[in-house]
Amino acid sequence: MFKSKMVQRMISCEKAADICTKAQYNEATFVERLKLKFHLIYCKVCAAYAKQNTKLTSLCSKANLHSFSKMEKEKMKERIRRHA
């Protein structure tokens, strides 16, 4: 009985990846993070994914990346159109 309830509460690898991504941006709830922790205990593939995802997020924040504003994007598109 206990094992079947436990199996019902486990999350899929797809759901784990989704929660992992949300957790990287502090958007995952406490319950989601808890479910992810349990999933990572028995799923080594997802554990490796989570580790790589953490490294990537860390590297991106250290690189001080930024994206173009909507206006900057439009200006670039216009320059490309003029030169094409």
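In case it helps, our numbering puts the sequence shown at residues 122 to 205.
From the three backbone atoms N, C-alpha and C, an ideal C-beta is built for every residue, glycine too.
For the candidate residues the options, whose alpha-carbon lies nearest to that of residue i?
i, options, result
"residue 134", "148, 163, 204, 146", "163"
"residue 157", "188, 131, 201, 179", "131"
"residue 153", "136, 166, 165", "136"
"residue 182", "200, 138, 146", "146"
"residue 165", "143, 151, 138", "138"
Output yes or no for whether 8 Å exceeds the beta carbon distance between residue i and residue j.
i, j, result
"residue 171", "residue 141", "yes"
"residue 168", "residue 177", "no"
Which residue marks the beginning of the alpha helix (DSSP H) containing residue i, and which one marks its end?
i, result
"residue 148", "First-last for residue 148: undefined, no H or E at that position."
"residue 184", "Taken as a continuous stretch (DSSP letters only), residue 184 belongs to no alpha helix (DSSP H), as it is neither H nor E."
"residue 197", "191-204"
May I ask you to report which of helix, strand or coil DSSP gives residue i?
i, result
"residue 132", "coil"
"residue 141", "helix"
"residue 164", "coil"
"residue 123", "Summary for residue 123: the model assigns pLDDT 46, below 50, so the residue's position carries little reliability; its value from the coordinates is reported in the next sentence. Looking at residue 123 - three-state DSSP - the assignment turns out to be helix."
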